[in-house]
Structures are given as structure tokens and as C-alpha cells.
Amino acid sequence: MFIRLSEHEAYRIPLTYRPRWSGGSGRYLALQMVPPEFTPAASASGRHRDEVFIQWNSVWLTSLLQTPSSTAGQRQDSAYGLTRQVLGKAHTRYVDNSGAGVTLIDCYGGDNSNEPSCQHQFLDGPRHIAFRHRTEDVPNWRALEANLTARLGSFRAATAPIPPSSRP
436 MFIRLSEHEA YRIPLTYRPR WSGGSGRYLA LQMVPPEFTP AASASGRHRD
486 EVFIQWNSVW LTSLLQTPSS TAGQRQDSAY GLTRQVLGKA HTRYVDNSGA
536 GVTLIDCYGG DNSNEPSCQH QFLDGPRHIA FRHRTEDVPN WRALEANLTA
586 RLGSFRAATA PIPPSSRP
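Taking the numbering used here, I'd label the letters of the sequence shown as residues 436 to 603.
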């Protein structure tokens, strides 16, 4: 699948990743990938764990982290180079808003129908990237982000300026 975002940014996504593109005002790309290496998912299982969502909107995540949250009754410390907040019996939040990067990881304990997992969100330039992974992968959060951005970078296509006659 070929996606051209602008005159200077385009991607060629192999169909093995089952890409879904929404090019409207809320542009996003969904890919079926399996962490930690972000290889194509073996089947279209429909499991949220195997989907990576990329939105070209960094404002939402940045504004979420700038909103003050009540920490009364919560335990807060650091772990793995992140600020860790225990928000409840089965909810732990990890945040890196140091200025070097923006990362938010929310981990939830499992129940009868779901195994424990984490919703991991981070910014890569103008892109807000979200995916799920196992709770035991949190210590490797930097490697997960590096693996995913490298995989996405491998999809970048060489672009040529759009000829004036074909511009809308």
C-alpha cells in the first residue's frame, strides 16, 4: 500500500502488515504487528495486542500529560527511567515527559477474559504511536520504541515533488 502524506513524506507498506489507512482530517494508519520486533502478525486475530496505531497528531498525548492529575492516595516513584504511579490495585502508569521524549504506558492487571497488558503511547516527531504489549516488556520500553520507529522508517518511500498539474 502506498500512502503519500505530503510532497515530502510517503510510505510503502507491505500488505503482510494488513494496513488500514484513514486519510481524513483525523489521519491514522493501523498495522497488524507483533512486539517486540514488530513483525507482521501471523493472522488477522483481531486482538488489540497485535495492532499498532499511528496518528499524525501529537497534540492529544502532549495535552494529556500536561493536565495535572491528582496523586492523593497514590504511590509514586521511578522505575526503568520512567515516573511510575500506582493508580489502583490493577493499574500502573509509567510516564516520560522529560523533554527528551514523550511516553505514556498504562498497564492493567488481567481478569477472567483478558491477560495483563500495557497500552504504550509515544511521540515520534509529529506522529502519536500507540500499541499494546506484555507487562513484562515495560523495562525494555526504549528498545520497543526504537524497534518500532526503525520498522516504520523502513517503510518510508522516496518521494518526488508532485507535478503542479496533478495538485488539487
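Quick reminder that beta carbons are idealized off the backbone N, C-alpha and C, glycines included.
### Message
With distance defined between alpha-carbon atoms, name the residue in Ser589, Pro574, Leu583 and Pro454 nearest to Tyr515.
### Response
Mapped onto the sequence shown, residue 515 falls at position 80. Checked all of Ser589, Pro574, Leu583 and Pro454; the closest Cα to Tyr515 is Pro574.
### Message
Here's the rule: buried if 16 or more other CB atoms are within 10 angstroms of the residue's CB, otherwise exposed. What is Asp512?
### Response
Within the sequence shown, numbered from 1, the residue matching residue 512 stands at position 77. So Asp512 ends up on the exposed side.
### Task
Give me the Cα-Cα distance between Thr518 and Cys542, rounded to the nearest whole angstrom.
On the sequence shown, residue 518 is found 83 positions in, with the first residue counted as 1. On the sequence shown, residue 542 is found 107 positions in, with the first residue counted as 1. Distance between the alpha carbons of Thr518 and Cys542 is about 13 angstroms.
### Task
Take Ala581 as the anchor and find which of Met436, Asn549, Ser457 and Pro471 has the nearest alpha-carbon.
If you number the sequence shown from 1, residue 581 lands on position 146. When each option's Cα is compared against that of Ala581, the closest is Pro471.
### Task
Taking 8 angstroms as the threshold, find out whether the stretch 491-501 comes into contact with the stretch 557-569 through three or more Cβ pairs.
yes
### Query
Using a Cβ-Cβ distance under 8 angstroms, would Ser589 count as near chain B?
Chain labels in this structure do not include chain B; a single protein chain is all it has.
### Task
Tell me whether Asp531 is buried or exposed, calling it buried when 16 or more other Cβ atoms sit within 10 Å of its Cβ.
Residue numbering aside, residue 531 sits at position 96 when the sequence shown is read from its first letter. Flag for Asp531 reads buried.
### Message
So, with DSSP's three-state summary, where would you put Ala593?
### Response
Locating residue 593 in the sequence shown gives position 158, where the first residue counts as 1. Residue state, collapsed to three classes: coil.
### Task
Tell me whether Asp485 is buried or exposed, calling it buried when 16 or more other Cβ atoms sit within 10 Å of its Cβ.
If you number the sequence shown from 1, residue 485 lands on position 50. Per the 10 Å Cβ criterion, buried.
### Task
Inspect the beta-carbon positions of Leu466 and Tyr446 and report whether they are closer than 8 angstroms.
In the sequence shown, counting from the first residue as 1, residue 466 sits at position 31. In the sequence shown, counting from the first residue as 1, residue 446 sits at position 11. No. Outside cutoff.
### Task
Enumerate in chain order the residues of its own chain whose CB-to-CB distance from Thr527 is below 6 angstroms, with the five nearest sequence positions on each side excluded.
Looking up residue 527 in the sequence shown gives position 92. The answer, listed in chain order, is Val521 and Cys542.
### Query
Under 8 angstroms, do Cys553 and Thr538 count as touching if we go by C-beta distance?
The residue given as residue 553 occupies position 118 in the sequence shown. The residue given as residue 538 occupies position 103 in the sequence shown. No; because the gap between Cβ atoms is not below 8 angstroms, this pair is not in contact.
### Message
Quick check for students: name the residue ranges of the beta strand (DSSP E) that lie wholly in the stretch 510-569, counting only runs of 3 or more.
### Response
510-514, 517-523, 526-531, 538-543, 552-559 and 562-568
### Message
Taking 6 angstroms as the limit between beta carbons, can you name the residues of its chain near Phe437, skipping five residues before and five after?
### Response
Locating residue 437 in the sequence shown gives position 2, where the first residue counts as 1. Arg447, listed in sequence order.
### Message
Rounded to the nearest angstrom, what separates Ala476 and Val487 at their Cα positions?
### Response
Here residue 476 refers to the residue found at position 41 when the sequence shown is read from its first residue. Here residue 487 refers to the residue found at position 52 when the sequence shown is read from its first residue. About 11 angstroms.
### Task
Would you kindly report the start and end of the unbroken beta strand (DSSP E) that includes Val469?
Here residue 469 is taken as the residue at index 34 of the sequence shown, counted from 1. Run containing Val469: Tyr463 to Val469, per the beta strand (DSSP E) assignment.
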